[in-house]
Amino acid sequence: MSLNINHLLGVSAIALMTMGTTASAQDCPRGDLDERYCDVDGDLIADIPTDAADQIDPDTLIFAYTPVEDPAVYKTAWADFLEHLEAETGKKVMFFPVQNNAAQIEAMRSGRLHIAGFNTGSNPLAVNCAGFRPFTIMAATDGSFGYEMEIITYPDSGIETIEDIKGKQLAFTSPTSNSGFKAPSAILKADYGMEPDKDFEPVFSGKHDNSVLGVANKDYQAAAVANSVMGRMIERDVVTTDQIKSIYKSQTFPTTGYGVVYNLKPELQEKIKNAFFNFEWEGSSLKEEFEKNGEGQFLEMNYQEFWEVIRKIDAANNVSYACQ
Numbered sequence: 001m002s003l004n005i006n007h008l009l010g011v012s013a014i015a016l017m018t019m020g021t022t023a024s025a026q027d028c029p030r031g032d033l034d035e036r037y038c039d040v041d042g043d044l045i046a047d048i049p050t051d052a053a054d055q056i057d058p059d060t061l062i063f064a065y066t067p068v069e070d071p072a073v074y075k076t077a078w079a080d081f082l083e084h085l086e087a088e089t090g091k092k093v094m095f096f097p098v099q100n101n102a103a104q105i106e107a108m109r110s111g112r113l114h115i116a117g118f119n120t121g122s123n124p125l126a127v128n129c130a131g132f133r134p135f136t137i138m139a140a141t142d143g144s145f146g147y148e149m150e151i152i153t154y155p156d157s158g159i160e161t162i163e164d165i166k167g168k169q170l171a172f173t174s175p176t177s178n179s180g181f182k183a184p185s186a187i188l189k190a191d192y193g194m195e196p197d198k199d200f201e202p203v204f205s206g207k208h209d210n211s212v213l214g215v216a217n218k219d220y221q222a223a224a225v226a227n228s229v230m231g232r233m234i235e236r237d238v239v240t241t242d243q244i245k246s247i248y249k250s251q252t253f254p255t256t257g258y259g260v261v262y263n264l265k266p267e268l269q270e271k272i273k274n275a276f277f278n279f280e281w282e283g284s285s286l287k288e289e290f291e292k293n294g295e296g297q298f299l300e301m302n303y304q305e306f307w308e309v310i311r312k313i314d315a316a317n318n319v320s321y322a323c324q
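Numbering (this note's numbering), first residue to last: 1 to 324.
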């Protein structure tokens, strides 16, 4: 699959999940992984190819951050880190401003994206369909991490409780988003017996900032969002607290997972990991943006453990990780 940007921006999550693969099936354990990958060690992520001929060592590394808001905001925020990454790897690093989750996953699956931060809900699909190997998340300096899904409305909307959404409109972000679609869908169905199209009108805004702004400007009656994104928007005075009213807050979920594509050379993967873990946050553009959520370090993690609750939510929503 070639990486045509105009094509990528129009790819839906459903279309992505039905794409075929040109890679030959391998005779190896793989669990839910696509047939182009192996998982001999059983950690649920793609193994690094054992044959050096199947490993890549690109001159330029491409990095993309999950498209939760305007990519231009995060190109600036990640500038200092990407400069550090260049120094640690000895390679040029470019920021790829993806516009939606499906485009980001397809870019990695097609071999044109090497390092990425995938949002919570996209991690399982990126792992299984794109060979994503996540190894870290952002955390506070005390080691705490995560965010909550909140269902928000605006004051005087007539919505005071979840039940009040019946017969009204609820904005989701995208089908691959945990807090923007999968978690609220599972919670509304399991805890309130409410389903889209039957009990309320579902609409999709595309991104969390669109949903927050939509509620603040009264374009949407209610929306399900990640409160980490909403918090940063409030800190930047994009919206104000008196424009938003929260009527539901979920349990804490893991936040964006960062990692690499599976077939980078092992020594390059180690250099990239080291760059994350030895990055100096103090005084950096990264801290300036993400300290708004109280984050100040990269915390080592593993997909099998940290994303267990997300895989359970996917199972409740009958989400398939099949790529063909």
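For glycine and all other residues, C-beta sits at the position ideal for the given N, C-alpha and C. What you are looking at is a predicted structure, and each value in this text was computed from that prediction instead of being measured.
So, for valine 229: in the same chain, excluding its five sequence neighbours on each side, which residues have a beta-carbon less than 6 Å away from its beta-carbon? Here residue 229 refers to the residue found at position 229 of the sequence shown. Taken in chain order, the residues that qualify are Val68 and His208.
Taking only three categories from DSSP, how would you classify alanine 46? Looking up residue 46 in the sequence shown gives position 46. Correct three-state label for alanine 46: coil.
By Cβ distance, which residues of its chain are closer than 6 Å to threonine 188, with the 5 residues on each side in sequence left out? Here residue 188 refers to the residue found at position 188 when the sequence shown is read from its first residue. With the sequence shown as reference, residue 188 is identified as leucine, and threonine is not the correct amino acid for it. Met194.
In whole angstroms, what separates the C-alpha of aspartate 314 from that of serine 177? On the sequence shown, residue 314 is found 314 positions in, with the first residue counted as 1. On the sequence shown, residue 177 is found 177 positions in, with the first residue counted as 1. Near 11 Å, if we compare the C-alpha coordinates of serine 177 and aspartate 314.
Is the distance from the Cβ of glycine 131 to the Cβ of tyrosine 37 below 8 Å? Taking the sequence shown and counting its residues from 1, one reaches residue 131 at position 131. Taking the sequence shown and counting its residues from 1, one reaches residue 37 at position 37. The answer is yes: Cβ separation under 8 Å.
Does the stretch 70 to 88 come into contact with the stretch 138 to 151, if we say contact requires no fewer than three beta-carbon pairs (one atom in each stretch) closer than 8 Å? no
Quick one: what does DSSP say proline 155 is sitting in, helix, strand or coil? Working through the sequence shown from its first residue, we reach residue 155 at position 155. Of the three classes helix, strand and coil, the one that applies to proline 155 here is coil, per DSSP.
Helix, strand or coil at proline 366 according to DSSP, with G and I counted as helix: Given that the chain is displayed from residue 1 to residue 324, the structure contains no residue 366 and the question cannot be resolved.
From Glu280, Gln269 and Ala226, pick the residue whose C-alpha is nearest to that of glutamine 251; which is it? Here residue 251 corresponds to residue number 251 of the sequence shown, with the count starting at 1. Closest option to glutamine 251, Cα to Cα, is Ala226.
Please list, in chain order, all residues of the same chain as arginine 232 whose beta carbon is under 6 Å from its beta carbon, the five residues on each side excluded. The sequence position of residue 232 within the sequence shown is 232, counting from 1. If we look at arginine 232 and ignore the five residues flanking it on each side, its Cβ neighbours are Lys292.
What does the alpha-carbon distance come out to for the pair arginine 133 and glycine 42? One-based indexing of the sequence shown puts residue 133 at position 133. One-based indexing of the sequence shown puts residue 42 at position 42. The straight-line gap from Cα to Cα measures roughly 13 Å.
Comparing alpha-carbon positions, which option in Thr66, Phe290 and Gln99 lies nearest glycine 257? For the purposes of this step, residue 257 is taken as the residue at position 257 of the sequence shown. The candidate whose alpha carbon is nearest that of glycine 257 is Thr66.
Per the contact definition of three or more C-beta pairs closer than 8 Å, is the stretch 48 to 57 in contact with the stretch 263 to 274? yes
Could you please give me the residues that DSSP links to glutamate 148 through a beta bridge? Your numbering for residue 148 matches position 148 in the sequence shown. For glutamate 148, which the question treats as bridged, DSSP gives the partners Thr252.
Mind the definition here: the stretch 280 to 292 touches the stretch 147 to 154 only if three or more C-beta pairs lie below 8 Å; say whether that holds. no
Excluding the 5 residues preceding and the 5 following glycine 146 in the sequence, name in chain order all residues of the same chain whose CB lies nearer than 7 Å to its CB. Residue 146 sits at position 146 when you count from the first residue of the sequence shown. Cβ neighbours of glycine 146 beyond the five flanking positions: Thr252, Phe253, Pro254 and Thr255.
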